[in-house]
Amino acid sequence: MPTFRARLVRSPFFRYLREFRHFKRSLVLGNVFAIIQALSLIPISLFFKRIIDTYIPNGDAVSILWVLFLGLGLWGIHMIAAVLSRYYTLSATKRVTEGLRARLTMKIQQMTLKVHDNQKAADLHSRVILDTERVDIMANALVVHVLVSIIVIVAAAALLTYINARLFLLLFLMLPFYFIIRSAFAPKLKEGHRNFRAEMEKMSSIVSEVIHSIRLVKSFAMEHHEQRRVEERIQKVTHRGVRLFTEAAAFQILLQFVGGMAMLAIFTVGGWMVINRQISVGDVVAFATLTGYFLNPINTLIATTDQVYAGTAALESIYGLFDMYDTEESDHLPGIDVRGQVEFDGASFEYQPGHPVLRDISLVARPGQQVALVGGSGAGKTTLINLILGFYRPVKGRVLIDGQDVAATNLQSLREQIGVVSQDNVLLSGTIRNNILYGKLDATDEEISAAATAANAHDFISALPDGYDSEIGDRGVKLSGGQKQRIAIARAILKNPRILILDEATSALDSESEHAVQEALDRLRRNRTSFIIAHRLSTVQSADEIIVLENGRIVERGTFDELVARKGEFYRFYMLQFSRQSQGAA
Ligand SMILES: Nc1ncnc2c1ncn2[C@@H]1O[C@H](COP(=O)(O)OP(=O)(O)OP(=O)(O)O)[C@@H](O)[C@H]1O
Ligand SMILES: [Mg+2]
359 MPTFRARLVR
369 SPFFRYLREF
379 RHFKRSLVLG
389 NVFAIIQALS
399 LIPISLFFKR
409 IIDTYIPNGD
419 AVSILWVLFL
429 GLGLWGIHMI
439 AAVLSRYYTL
449 SATKRVTEGL
459 RARLTMKIQQ
469 MTLKVHDNQK
479 AADLHSRVIL
489 DTERVDIMAN
499 ALVVHVLVSI
509 IVIVAAAALL
519 TYINARLFLL
529 LFLMLPFYFI
539 IRSAFAPKLK
549 EGHRNFRAEM
559 EKMSSIVSEV
569 IHSIRLVKSF
579 AMEHHEQRRV
589 EERIQKVTHR
599 GVRLFTEAAA
609 FQILLQFVGG
619 MAMLAIFTVG
629 GWMVINRQIS
639 VGDVVAFATL
649 TGYFLNPINT
659 LIATTDQVYA
669 GTAALESIYG
679 LFDMYDTEES
689 DHLPGIDVRG
699 QVEFDGASFE
709 YQPGHPVLRD
719 ISLVARPGQQ
729 VALVGGSGAG
739 KTTLINLILG
749 FYRPVKGRVL
759 IDGQDVAATN
769 LQSLREQIGV
779 VSQDNVLLSG
789 TIRNNILYGK
799 LDATDEEISA
809 AATAANAHDF
819 ISALPDGYDS
829 EIGDRGVKLS
839 GGQKQRIAIA
849 RAILKNPRIL
859 ILDEATSALD
869 SESEHAVQEA
879 LDRLRRNRTS
889 FIIAHRLSTV
899 QSADEIIVLE
909 NGRIVERGTF
919 DELVARKGEF
929 YRFYMLQFSR
939 QSQGAA
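Numbered by my numbering, the letters in the sequence shown go through residues 359 to 944 in order.
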């Protein structure tokens, strides 16, 4: 059983408080100004009493003018303190938010792909963007609203009692109504907010799906179908919104009603007491003014509880993410100076428990050798590559690079020395130059164009209006599949890695450019270990070893000639393709 202290220290709220340790000064100043802001207006109510009870009966116009100046001065202090308190509080909370966002993004990047496979991207995104914002709003509410409110409530209550204890008792008796109304509405409103947010998120995800898949939608002529789906969602949001905000308004109006009733009661009972000469008119006016100061912060506190609910829920999900232990952090592990030996030692792997995707794989690629992976779709070829990169860990057996277990290697140092051209060619938004530079950030222009030339990409890039500085992505030039592939190849060439992985790297190219790129890749493959996955078997002809995978198992291995001679699985593949090609040619 963890002690209370241990549980407190690990609670999200406490951990969040600790984030402020570097911003103590801002936080203290923010609070100090908040207190000044809170207290500065309260004396004004006493001035009213003075004016009514003393200056007016005495015809003392000069003193009334003095009160005006004093009041202006207090308002000035109030306004300056309010702005400064916001400024200092925000400087602290926004910086803490900044830190949380940066660390969350880093954490997300460090999480293993296994974790990512089970997380929705939208959820991770909303933790970094929305949850941090909710926490920020809560922190500001806590410092500014809660602290100020409590101080004002206490100060106003003291002064109200001082002016007239019996009237204050009357006011005090009305307070339970606030809490009755609050507890009647709170669960409804909380539920309503949660439902509304859930509907909003559903709507936003369906809208963004339609926009992202616009080509698919258009090519299947599904615009009307999609529109119906979207409209259904929009209607639900409207429905929930109308309900929620009506309820929220009713709640506010009831709160105002209690405030209004309090004023009525004060003037009724106060007026009666004035008639009976128990208090002065000035007392009643001062009391009524102060009542406003007293009730407002109570409303604020009630409103703040929502932000606190939202904020604490957000804190839990933020620190929940930080606590996810399944990260790739391997900075503490020894780096590696790759020579190029890749070995699988009885490695098995499964994405989901009980569904093996690789079974007992053993193979050795010596430095400089070429290994080709062949097999039907879903056989496990890409998965095998993923294990070399340390994206996933084998559930049994080991993967070794130069005899060093990948599981015990600094992954960053390992991956820096592996070049990948993957199946789904990913280019980042930005210029073509930056995309190629991704392989080697300090490369010169000459190196870049040499790499592009080798990848048979230089000509088409130069023909673009902005050449290497052309933007790609949403607002930039549109590239064909083959062009993207060649940029990805140029990136791998520039990286000049010890181990090269080509996963269907030339699949989007026509025969002619494939031939040209193939030449470049052949040159690139020299003197480095390479793993090649290609459906076109002609590209694997020169491999030192061809591994035929079926259902995660190695079913055949050998050189091209050996495998053809064996007339087994590979031969079947080969003949199938051969006959298809000759049919195509005929
Ligand atoms: N991230 C993942 N999570 C769960 N299962 C996965 C994941 N990636 C792949 N799989 C499954 O693992 C199996 C092997 O997939 P893999 O991508 O390695 O096949 P492949 O041989 O590369 O096929 P292809 O030629 O179509 O690219 C498939 O059954 C696939 O459904
Ligand atoms: Mg694959």
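Just so it is clear, CB atoms sit at the ideal spot from N, CA and C, and this is done for glycine as well.
Item                                                                                                                : Value
Burial state of residue 520, where buried means 16 or more other Cβ atoms lie within 10 Å                           : exposed
Residue 933 classed as buried or exposed, judged by whether at least 16 other C-beta atoms fall within 10 angstroms : exposed
Rounded straight-line distance, which links the Cα of residue 620 to that of residue 506                            : 22 Å
Where the alpha helix (DSSP H) containing residue 453 begins and where it ends                                      : 419-468
Length of the line joining the Cα atoms of residue 376 and residue 369                                              : 11 Å
Residue from 422, 855, 450 with nearest C-alpha to residue 388                                                      : 450
The region 402-420 in contact with the region 446-465 per 3-pair CB rule at 8 Å                                     : no
Proximity test, residue 668 beta-carbon vs ligand 1 heavy atom, cut-off 6 Å                                         : no
Alpha-carbon spacing of residue 943 relative to residue 467, whole angstroms                                        : For residue 943, the pLDDT reaches just 48, beneath the cut-off of 50, and the residue's location in the model is therefore unreliable, although a value from the coordinates is still provided. Spanning the two alpha carbons is a distance of roughly 48 Å.
Validate contact between the region 868-879 and the region 708-718 using beta carbons, cut 8 Å, 3 pairs             : no
Burial state of residue 361, where buried means 16 or more other Cβ atoms lie within 10 Å                           : exposed
Spatially closest choice to residue 612 from 456, 365, 660, by CA coordinates                                       : 660
Per DSSP, the bridge partner or partners of residue 714                                                             : 708
Cα-Cα separation, residue 631 to residue 525                                                                        : 10 Å
Backbone CA spacing between residue 655 and residue 486 [nearest angstrom]                                          : 32 Å
Selected residue, minimal CA-CA separation from residue 706, among 697, 695, 721, 633                               : 721
Cβ distance (whole Å) where residue 794 is taken to contact residue 849 below 8 Å                                   : 5 Å
Reduced DSSP category for residue 646 - H, G, I as helix; E, B as strand; rest coil                                 : helix
Three-state class that DSSP yields for residue 889 in the structure shown                                           : strand
Reduced DSSP category for residue 733 - H, G, I as helix; E, B as strand; rest coil                                 : coil
Cβ contact (3+ pairs, closer than 8 Å) linking the region 882-897 and the region 845-861                            : yes
Within 7 Å, strictly: CB atoms of residue 815 and residue 845                                                       : yes
Given 8 Å, three or more beta-carbon pairs between the region 582-602 and the region 486-496                        : no
Which of helix, strand or coil DSSP assigns to residue 785                                                          : coil
Exposed unless 16 or more other CB atoms sit within 10 angstroms - verdict on residue 299                           : Outside the shown range of the chain, which is 359 to 944, sits residue 299, and nothing can be said about it.
The alpha helix (DSSP H) enclosing residue 757, as first and last residue numbers                                   : Note, residue 757: premise wrong, no alpha helix (DSSP H); beta strand (DSSP E) at 754-759.
Same chain, Cβ closer than 6 Å to residue 652, neighbours up to 5 away in sequence not counted                      : 514
One or two residues paired with residue 586 in a DSSP bridge                                                        : Answer is none; residue 586 lacks a bridge partner.
Beta-carbon proximity list for residue 691, same chain, < 7 Å, skipping 5 on both sides                             : 766, 767, 768
Cβ-heavy atom distance, residue 739 to ligand 1, below 6 Å                                                          : yes
Where the alpha helix (DSSP H) through residue 506 begins and ends                                                  : 506-521
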